[in-house]
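A.B. asks: Input: one structure, supplied below.
Residue numbers (the numbering used here): 109 to 153.
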């Protein structure tokens with residue numbers, strides 16, 4: 109029983125770390141796209 113609990117906890121923690129990395133990388137990509145959009149709109153003025 110304890111072994112199943114530890115294995116499940118490890119899998120959940122690994123999944124959360126992967127999800128966190130995905131969110132951080134997505135945020136960086138979106139921030140870069142917003143920055144490029146702002147540069148293009150500023151060049152129109």
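Using N, Cα and C, we set each Cβ at its ideal position, and we do this for glycine too.
For the alpha helix (DSSP H) holding residue 150, just list the boundary residues, first then last.
C.D. replies: Position 42 of the chain shown holds residue 150. Element bounds for residue 150: 110–152.
A.B. asks: Under the criterion of a Cβ to heavy atom distance below 7 Å, does residue 151 qualify as lining the ligand SAH?
C.D. replies: Ligands displayed in this structure: none; no statement on the ligand SAH is therefore possible.
A.B. asks: What's the C-alpha gap between residue 117 and residue 135?
C.D. replies: Sequence index remark: in the chain shown, residue 117 carries index 9 (1-based). Sequence index remark: in the chain shown, residue 135 carries index 27 (1-based). Straight-line Cα distance between these residues: approximately 27 Å.
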